[in-house]
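Some notes on the structure that comes next.
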Amino acid sequence: MFPYLQKFQTFHPPNSKEVFNDLALDYIDQDAQGKSGPIQASYPQTVHPFGKAWIETFRALGHEITSDTMSGTNLGGYQIVSHIDPQKGERSHAGNAYLEGSFQRKNLDFVLDAEVEKVLFKKLPTLSATGVQYRRHGQTFIVEALKEVVICTGSFHSPCLLERSGIGDPKLLGSLGVDVIIPNPNVGENLQDHMLCGVAFEAKDEYETLDNFRDPEYAKAAMEEYQRSRAGPMTQTSSSFAYMSLTEDHISGETISMKDLLDQYPSHSKSPADTLIRQILSDPNEASVNFCMFQAQSHCDKSTLSEHFSITSPGKWASIFASLSHPLSRGSVHSQSINPSTPPVIDPRVYTHPLDVEIMSLHIRFFQKITSTAPFSSLLKPNGRRIPEFASFETLDDAKKVATKCTLSNMHPIGTCAMLPEEKGGVVDARLKVHGVKGLRICDASVMPILTRGNIISTVYAVAEKGADLIKEDLFGSY
Numbered sequence: 001m002f003p004y005l006q007k008f009q010t011f012h013p014p015n016s017k018e019v020f021n022d023l024a025l026d027y028i029d030q031d032a033q034g035k036s037g038p039i040q041a042s043y044p045q046t047v048h049p050f051g052k053a054w055i056e057t058f059r060a061l062g063h064e065i066t067s068d069t070m071s072g073t074n075l076g077g078y079q080i081v082s083h084i085d086p087q088k089g090e091r092s093h094a095g096n097a098y099l100e101g102s103f104q105r106k107n108l109d110f111v112l113d114a115e116v117e118k119v120l121f122k123k124l125p126t127l128s129a130t131g132v133q134y135r136r137h138g139q140t141f142i143v144e145a146l147k148e149v150v151i152c153t154g155s156f157h158s159p160c161l162l163e164r165s166g167i168g169d170p171k172l173l174g175s176l177g178v179d180v181i182i183p184n185p186n187v188g189e190n191l192q193d194h195m196l197c198g199v200a201f202e203a204k205d206e207y208e209t210l211d212n213f214r215d216p217e218y219a220k221a222a223m224e225e226y227q228r229s230r231a232g233p234m235t236q237t238s239s240s241f242a243y244m245s246l247t248e249d250h251i252s253g254e255t256i257s258m259k260d261l262l263d264q265y266p267s268h269s270k271s272p273a274d275t276l277i278r279q280i281l282s283d284p285n286e287a288s289v290n291f292c293m294f295q296a297q298s299h300c301d302k303s304t305l306s307e308h309f310s311i312t313s314p315g316k317w318a319s320i321f322a323s324l325s326h327p328l329s330r331g332s333v334h335s336q337s338i339n340p341s342t343p344p345v346i347d348p349r350v351y352t353h354p355l356d357v358e359i360m361s362l363h364i365r366f367f368q369k370i371t372s373t374a375p376f377s378s379l380l381k382p383n384g385r386r387i388p389e390f391a392s393f394e395t396l397d398d399a400k401k402v403a404t405k406c407t408l409s410n411m412h413p414i415g416t417c418a419m420l421p422e423e424k425g426g427v428v429d430a431r432l433k434v435h436g437v438k439g440l441r442i443c444d445a446s447v448m449p450i451l452t453r454g455n456i457i458s459t460v461y462a463v464a465e466k467g468a469d470l471i472k473e474d475l476f477g478s479y
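Per my numbering, the very first residue in the sequence shown carries number 1; after that it's consecutive.
Here it is as structure tokens:
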């Protein structure tokens with residue numbers, strides 16, 4: 001997959017030596033970066049004081065970044081690249097990097113405002129996908145496939161489309177009134193996400209944070225500066241990250257054996273993915289958590305996404321989050337109706353594996369170490385407020401309270417149509433083909449059998465690029 005992680009992007013190192021030094025980017029391996037892909041990856045034009053302090057604080061704590069992030073094995077604090085075009089000062093994404101340039105292609109037709117109801121099949125001589133049935137503006141249409149059908153509707157909707165089409169758990173399909181085409185109880189199972197636990201710490205008044213946007217005049221001036229020069233507060237991103245393993249109690253310094261923790265919670269799963277995750281977690285050179293920080297308040301104890309990142313509390317803030325790199329809990333997503341407009345039933349089953357809350361609680365105790373170590377501590381108010389107010393890390397029980405009350409989705413869902421043998425929990429094979437039927441593939445995050453250690457976006461792009469090559473190979477041979 002490594003060539004495809006390079007293929008989708010173009011890496012832009014900072015033009016400023018000051019930015020390069022402030023972010024301590026000596027670890028970058030230029031040969032490992034993408035050189036000519038459609039997605040632009042860059043660093044900010046200026047470094048926020050919190051971003052610089054983050055890197056210096058992790059260095060002071062003995063957690064300087066160990067290798068280039070493209071290595072897949074780096075540990076320590078650093079600043080990630082953002083998918084921002086440095087020339088335009090705009091986000092680089094699939095829409096403007098891939099889609100917009102395709103509208104004029106003669107071999108592509110785009111149907112907007114449509115909902116796919118199901119995939120169509122013929123049973124003889126071999127079970128094969130023949131097209132799709134979709135609904136648009138109250139009318140039903142059928143599109144016939146000359147070669148094959150490729151589903152790319154994401155971790156929540158790809159399994160539901162399979163279920164509406166007759167591929168899934170027979171018991172569920174029966175409850176929907178759908179005839180069983182292929183019985184496969186793995187469809188919609190194995191849902192994974194990087195659950196996020198965060199606490200906000202009160203910053204000193206002299207530092208600009210995103211909380212300044214409460215002031216309409218500040219927000220207006222920032223927007224005008226961005227429109228005029230593609231610079232200023234509107235270009236600041238939340239890009240301060242750190243990968244860490246769990247080898248000691250972050251406050252007491254007492255040695256922690258991940259192997260002992262894993263032995264306390266033995267696996268009852270026969271999945272090779274579960275076995276691999278446990279091997280990763282037991283390796284002290286592998287990350288079990290991803291820390292991140294951005295200079296604004298957060299409200300992770302609230303119930304809605306709009307509340308999580310509202311700027312309703314007075315003052316300036318910096319929020320620190322911990323995200324489990326490889327959670328062991330598994331959720332599910334399933335259809336509750338044959339109507340594609342009906343939302344799926346999503347059950348994330350957060351912390352249903354007891355080891356997840358144990359690892360998260362041990363890791364978030366590191367928040368106290370970060371916020372009490374210079375230079376990061378010098379940016380915060382002494383004995384300042386926290387959001388939520390009850391957040392404490394003095395004891396493991398304190399940390400568990402924070403973990404269980406302040407965890408939300410990181411919006412990295414994967415795994416619901418996993419690339420595994422069917423008998424081991426799979427829905428698609430190594431060439432993205434749905435088990436048991438010809439002419440049907442899935443190419444999106446749902447095929448990933450386990451989570452990547454951090455944000456899934458690079459892997460999703462790489463899967464798409466690899467999937468395109470697999471399709472061309474299978475349909476046309478060499479190309």
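We put the CB at the ideal spot given by N, CA and C, even for glycine. All figures in this text were calculated on a predicted structure; none of them were measured in a lab.
Contact under 8 Å by Cβ, P170 with P159: no
Beta-bridge pairing of L196 - partner residues as DSSP gives them: S323 and L408
Whole-Å CB distance - A219 paired with I450, under 8 Å assumed: Not a contact, Cβ separation roughly 41 Å.
DSSP state of D29 mapped onto helix, strand, coil: coil
Under 8 Å between C-beta atoms of A32 and T10: no
Residue range of the unbroken beta strand (DSSP E) whose run includes G131: S128 to R136
Own chain residues within Cβ distance below 8 Å of P49, not counting five before or after: Y207 and L379
Beta bridge counterpart(s) of F11 as assigned by DSSP: A41
Residue closest to T407, alpha-carbon to alpha-carbon, out of Y4, H435 and T304: T304
Continuous beta strand (DSSP E) assignments of at least 3 residues falling wholly in the region 133-190: 139-144 and 149-151
Beta-carbon gap between G77 and H63 smaller than 8 Å: yes
Where F20 sits in the DSSP three-state scheme: helix
C-alpha distance - D215 paired with G232, whole-angstrom precision: 16 Å
Reference Q336; option with closest CA among Y461, I346 and I387: I346
Inter-residue spacing [alpha-carbon to alpha-carbon] between A296 and Q6: 32 Å
DSSP-derived helix/strand/coil call for R228: helix
Length-filtered (3 minimum) beta strand (DSSP E) runs lying within the region 264-294: 289-294
Beta-carbon gap between Q45 and T235 smaller than 8 Å: yes
C-beta atoms of M258 and S409 nearer than 8 Å: no
Cβ-based neighbour list, H353, same chain, cut-off 6 Å, excluding 5 preceding and 5 following: L328 and S329
Own chain, CB closer than 6 Å to H363, minus 5 neighbours either side, in chain order: V289 and A322
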